[in-house]
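**Student:** Protein sequences, first through last, are from chains L and P.
So the first sequence is residues 1 to 114, counted in the numbering used here.
So the second sequence is residues 1001 to 1110, counted in the numbering used here.
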Amino acid sequence: GAVVSQHPSRVICKSGTSVKIECRSLDFQATTMFWYRQFPKQSLMLMATSNEGSKATYEQGVEKDKFLINHASLTLSTLTVASAHPEDSSFYICSAVPGYDTQYFGPGTRLTVL
Amino acid sequence: SQQGEEDPQALSIQEGENATMNCSYKTSINNLQWYRQNSGRGLVHLILIRSNEREKHSGRLRVTLDTSKKSSSLLITASRAADTASYFCATDANDYKLSFGAGTTVTVRA
């Protein structure tokens, strides 16, 4: 089946640091990828839609200057959390759409900001 | 925004029993999907049911969809310890963006 990877799987950083998370579709091309955030014991909340070759579209309440998304190629999207603070600590999950109904999720990245 | 509501929030059953969880949503959908998430891990896609379908099976999973009531159910038959996980429904309104329900945490006791 289709595989989506995320790197790193977990990161611990100091407050004020910028953190980059990569999402790759390993065996298919994805013109669209999504970024979700999940707080402990809560559901996934869509943050933004990443479109290859164009600017990301952000959901209401998500700061575009805080969460920078770059969809550099058909297999790679990156999420950069700029100047991370403890309240940004969360589980970040990406998904990639191969062009039909099902989308495939990455294994997630746990971010802890001290 | 989060569209689906799920119940129960938590379910504890004995191995071999069936587990049923329900999902309700608010707006029109193109399809509804169910996912499983083991603690601290990514999502595993279980099953997708389109808005013009009423029931779908996959192995020990049975999903129903009632668009008139805007609700869906997931039945896991003959549960196993490995089925212990959180289960989420997610609706797609035809743009691939998924709105997730709050999830049901299922614990299967050996």
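We put the beta carbon where it would ideally sit given N, CA and C, even for glycine.
Keep in mind the model is a prediction, meaning the values are calculated, not measured.
Would you tell me roughly how many angstroms separate the C-alpha atoms of Arg110/L and Gly1059/P, rounded to the nearest one?
**Tutor:** Taking the straight line from one Cα to the other gives about 32 Å.
**Student:** Quick one: give me the first and last residue of the beta strand (DSSP E) that Gln1014/P is part of.
**Tutor:** Note, Gln1014/P: beta strand (DSSP E), Ala1010 to Gln1014.
**Student:** Excluding the five sequence neighbours on either side, which residues of its own chain have a C-beta within less than 6 Å of the C-beta of Phe1088/P, listed in chain order?
**Tutor:** Tyr1035, Phe1100, Gly1101 and Gly1103, listed in sequence order.
**Student:** I'd like the ranges of any beta strand (DSSP E) spanning at least 3 consecutive residues and lying wholly in the region 72-108 of chain L.
**Tutor:** Complete beta strand (DSSP E) runs here, min 3: 76-81 and 90-97.
**Student:** Of all the CB atoms in chain L, is at least one closer than 8 Å to the CB of Lys1070/P?
**Tutor:** For Lys1070/P, the answer is no, since every Cβ of chain L falls outside 8 Å of its Cβ.
**Student:** When Cβ atoms are compared, which residues of the region 1034-1045 of chain P fall closer than 9 Å to chain L?
**Tutor:** For the region 1034-1045 of chain P, which is checked against every Cβ of chain L, the residues closer than 9 Å are Tyr1035, Gln1037, Gly1040, Arg1041, Gly1042, Leu1043, Val1044 and His1045.
**Student:** Going by the beta-carbon positions, is the gap between Cys94/L and Val3/L smaller than 8 Å?
**Tutor:** Result no, Cβ atoms of Cys94/L and Val3/L do not sit closer than 8 Å.
**Student:** Can you find at least 3 beta carbon pairs, one from the region 76-88 of chain L and one from the region 17-30 of chain L, that sit closer than 8 Å?
**Tutor:** The region 76-88 of chain L is in contact with the region 17-30 of chain L.
**Student:** Check whether the Cβ atoms of Leu1032/P and Thr1077/P sit closer than 8 Å, and answer yes or no.
**Tutor:** No, the pair does not count as a contact, with Cβ atoms beyond the cut-off.
**Student:** Can you pull the chain P neighbours of Pro98/L, defined as C-beta to C-beta under 7 Å?
**Tutor:** Within chain P, no residue comes near Pro98/L; the closest Cβ sits about 10 Å away, beyond 7 Å.
**Student:** Establish whether the CB of Tyr1096/P and some CB of chain L are separated by less than 8 Å.
**Tutor:** By this cut-off, Tyr1096/P is an interface position.
**Student:** What are the partner residues of Asn51/L, as DSSP defines its beta bridges?
**Tutor:** Note: Asn51/L sits in a beta bridge opposite Thr32/L.
**Student:** Taking Cβ-Cβ distances shorter than 7 Å, what residues in chain P pair up with Thr32/L?
**Tutor:** Tyr1096, listed in chain order.
**Student:** Tell me which residue opens and which closes the beta strand (DSSP E) that Asp1066/P is part of.
**Tutor:** Run containing Asp1066/P: Leu1061 to Asp1066, per the beta strand (DSSP E) assignment.
**Student:** Check the Cβ-Cβ distances between Phe105/L and every residue of chain P, and say whether any is below 8 Å.
**Tutor:** So, interface residue.
**Student:** I'd like to check one pair, Lys1056/P with Lys1026/P: are the Cβ atoms closer than 8 Å?
**Tutor:** Taking 8 Å as the Cβ cut-off, Lys1026/P and Lys1056/P do not qualify as a contacting pair.
**Student:** Grab me the residues of Gln6/L's own chain with a C-beta within less than 7 Å of its C-beta, minus the 5 sequence neighbours each way, in chain order.
**Tutor:** Contacts found: Ile21, Glu22, Cys23, Cys94, Gly106, Pro107, Gly108 and Thr109.
**Student:** CA-CA distance, Arg1145/P and Asn1030/P?
**Tutor:** No statement about residue 1145/P is possible, as the shown extent of chain P runs from 1001 to 1110 and does not include it.
**Student:** Tell me, to the nearest whole angstrom, how far the beta carbon of Ile12/L is from that of Thr102/L; I am working on the premise that it is less than 8 Å.
**Tutor:** Incorrect: roughly 33 Å between the Cβ atoms, too far for contact.
**Student:** Between Leu111/L and chain P, is any beta-carbon pair separated by less than 8 Å?
**Tutor:** No, no contact with chain P.
**Student:** Is Asp1083/P helix, strand or coil by DSSP?
**Tutor:** Looking at Asp1083/P - three-state DSSP - the assignment turns out to be helix.
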